Amino acid sequence: MGVVALVPAAGRGERLGYGLPKALVPVGGVPLLVRAVRGLVDSGRVQHVVIAAPPSDVDIVSTVTAPLAPAGGAVLVVPGGAERSDSVRIALAHALGELPGTTVVLVHDAARAFTPPEVVKAVVDAVEAGCPAVIPVLPVVDTVKEVDAAGVVVATPDRAALRVVQTPQGFDARVLSRAHASGLHATDDAGLVERLGVPVATVPGHPDAMKITTPFDLAVAEALLVGGRG
Ligand code: C5P
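Just so you know, the sequence shown maps onto residues 9 to 238 in my numbering.
Structure (structure tokens):
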């Protein structure tokens, strides 16, 4: 089967306060995007990678990521869109146009740079076993409240039934394509697929697959390196 990983990496990453697109922010001297793509390739289950880069940085992103191509595969770079969902849609269209035989599509945030290859493998395995959509998840350790517009609590969902969602999210390529053509909106790709009425399965995620958004997260990521990960 042809497994293609789409990597939305076109965010400006202003919350990191680095003055660089987030994908190019280094941790231990290596850009987040390079670490994220390495994790995908090291799973041994990804044939091609399509990166959505900030439009002004397509050349530098191509230069930095070209050496990471899997054996017999390619790393392609396209200019991303205004929102994350636009970047995914652009990368997906490019993958389906340029890489015939694509049957499984992963969507993986560059910001989850330390995702272990085992998580990538588990997601691909589940899609190849017949699940049309698969997401890695972790249990929720905090109690979560739903509040109204004034911040007053309206509900306390049962924590045992809640999960936090990571990436890569994996899909049957036709299903993801249908979801992105639907005109629906959701905060992640699995949310779009869910709205089509397609079941979304889960596999265990990993704490190292945390999303690096703030300077605090960067400090945690540096600590992971000191601890021998990445
Ligand atoms: O901004 P946020 O942290 O939610 O972004 C999640 C991922 O989506 C990041 O890897 C970011 O680079 C990417 N993104 C994108 N295109 C945008 C905005 C965000 O590819 N326009």
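Glycine is no exception: its CB is placed at the ideal position from the N, C-alpha and C atoms.
Remember, predicted model here, so these are calculated numbers, not experimental data.
When every heavy atom of the ligand C5P is checked, does at least one fall within less than 6 Å of the C-beta of residue i?
i, result
"Pro140", "no"
"Pro16", "yes"
"Thr164", "no"
"Ala60", "yes"
"Thr221", "yes"
"Ser95", "yes"
"Gly19", "yes"
"Gly88", "yes"
"Asp117", "yes"
Do residue i and residue j have their C-beta atoms within less than 7 Å of each other?
i, j, result
"Val85", "Val66", "yes"
"Thr110", "Val12", "yes"
"Val15", "Ala118", "yes"
"Leu24", "Val33", "yes"
"Val128", "Leu48", "yes"
"Pro147", "Val211", "no"
"Ala209", "Arg120", "no"
"Ala229", "Leu204", "no"
"Gly37", "Lys30", "no"
"Ala17", "Ala61", "yes"
"Val57", "Val45", "yes"
"Ala90", "Val83", "no"
"Ala112", "Val149", "A quick correction: the sequence has Val, not Ala, at residue 112. For Val112 and Val149, no; Cβs fall outside 7 Å."
"Pro39", "Pro63", "no"
"Arg171", "Thr151", "no"
Sorry if obvious, but does the Cβ on residue i come closer than 6 Å to a heavy atom of the ligand PLP?
i, result
"Arg92", "Of the ligands one can find in the structure shown, namely the ligand C5P, none is the ligand PLP."
In the DSSP assignment, what residue or residues form a beta bridge with residue i?
i, result
"Pro34", "Pro39"
"Val15", "Ile59"
"Val152", "BP columns for Val152 are empty, so no partner."
"Arg241", "The structure shown does not extend to residue 241, since the chain spans only 9 to 238, so no value can be given for it."
"Thr110", "Gly10"
"Pro87", "Ala61"
"Phe179", "Val113, Ala141"
"Thr210", "Ile143"
"Val161", "Val155"
"Val172", "Leu146"
Worksheet item: Do the stretch 123-134 and the stretch 92-107 touch if we need at least three Cβ pairs shorter than 8 Å?
Response: no
Worksheet item: Can we say the stretch 155-165 touches the stretch 219-234, given the rule of at least three CB pairs closer than 8 Å?
Response: Result no; under three Cβ-Cβ pairs closer than 8 Å.
Worksheet entry | Contact the stretch 130-145 vs the stretch 178-185: 3+ CB pairs below 8 Å | yes
Discussion item. Between the stretch 76-84 and the stretch 181-191, can you find at least three pairs of beta-carbon atoms closer than 8 Å?
Written reply: Touching, no.
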